[in-house]
Amino acid sequence: MDHNRHGSASWRMAAQATLHCLTGCAIGEVLGMVIGTALGWTAGATVVLAIGLAFVFGYALTMRPLLRSGIGVRDALKVALAADTVSIVVMEIIDNVVMLVVPGAMEAGLGNRLFWGSLAFALAVAFMLTVPVNRWLIARGKGHAVVHQHHSPHQHNH
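Counting in our numbering, the sequence shown runs from 124 upward without gaps.
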């Protein structure tokens, strides 16, 4: 465990926080895309659903270990909102811009490699650009640093 309080937060901690956020975002994105496409929704409506679900799953993944450690739902939600909001917003903006910019990605459909390749590429780009944001937040005691303040030393399960 490397908590470098003098200067900058570790890249490892920032990468872990971003990966955590990416997992929730990816689950929400894929689910939103699958549901929106299956229901024949427009690209705009599908993106809105995907973003909404990305936030739900992003926050849920952060809240799970907090709830297990005995924190109440309200407090866990407050910590999750403080920890993940900026990270999810940055990730979702990048991810969806990439999906909308790649020609034909949104129209490709779920059976098409272009759709899944574009989504994987979009999430990879979002991950790379969100890690420095999370590192900057953690260095200032914000972002996922808030979550780490609520973990007991015996219970570090990252």
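Even glycine gets a Cβ: it sits at the ideal position worked out from N, Cα and C.
Closest Cα partner of residue i within the set the options
i           : options            : result
residue 209 : 252, 228, 199      : 252
residue 207 : 134, 143, 133      : 143
residue 249 : 215, 261, 265, 266 : 215
residue 247 : 266, 264, 219, 265 : 219
residue 185 : 202, 169, 171, 213 : 202
Rounded straight-line distance, which links the Cα of residue j to that of residue i
i           : j           : result
residue 232 : residue 196 : 37 Å
residue 242 : residue 204 : 25 Å
residue 221 : residue 164 : 19 Å
residue 270 : residue 226 : 39 Å
residue 194 : residue 259 : 26 Å
residue 223 : residue 229 : 7 Å
residue 217 : residue 245 : 7 Å
residue 139 : residue 261 : 11 Å
residue 266 : residue 153 : 24 Å
residue 174 : residue 158 : 12 Å
residue 177 : residue 137 : 19 Å
residue 264 : residue 134 : 14 Å
residue 183 : residue 155 : 16 Å
residue 171 : residue 213 : 15 Å
residue 141 : residue 166 : 26 Å
Contact set for residue i: own chain, Cβ-Cβ below 6 Å, skip 5 residues either direction
i           : result
residue 190 : 199
residue 181 : 144, 147, 148, 207, 211
residue 283 : This structure does not reach residue 283, given that the chain is present from 124 up to 281, and the question cannot be answered.
residue 268 : 261
Sequence-distant residues of the same chain with beta carbon closer than 8 Å to residue i, five excluded per side
i           : result
residue 161 : 233
Residues of its chain near residue i, where Cβ-Cβ distance is below 7 Å and the 5 sequence neighbours each way are ignored
i           : result
residue 169 : 155, 156, 159, 160
Closer than 9 Å to chain C by CB, residue i
i           : result
residue 270 : In the displayed structure, chain C is absent; only one protein chain is listed.
Task: Inter-stretch contact at 8 Å, needing at least 3 Cβ pairs: the segment 225-240 / the segment 253-267 - done: no
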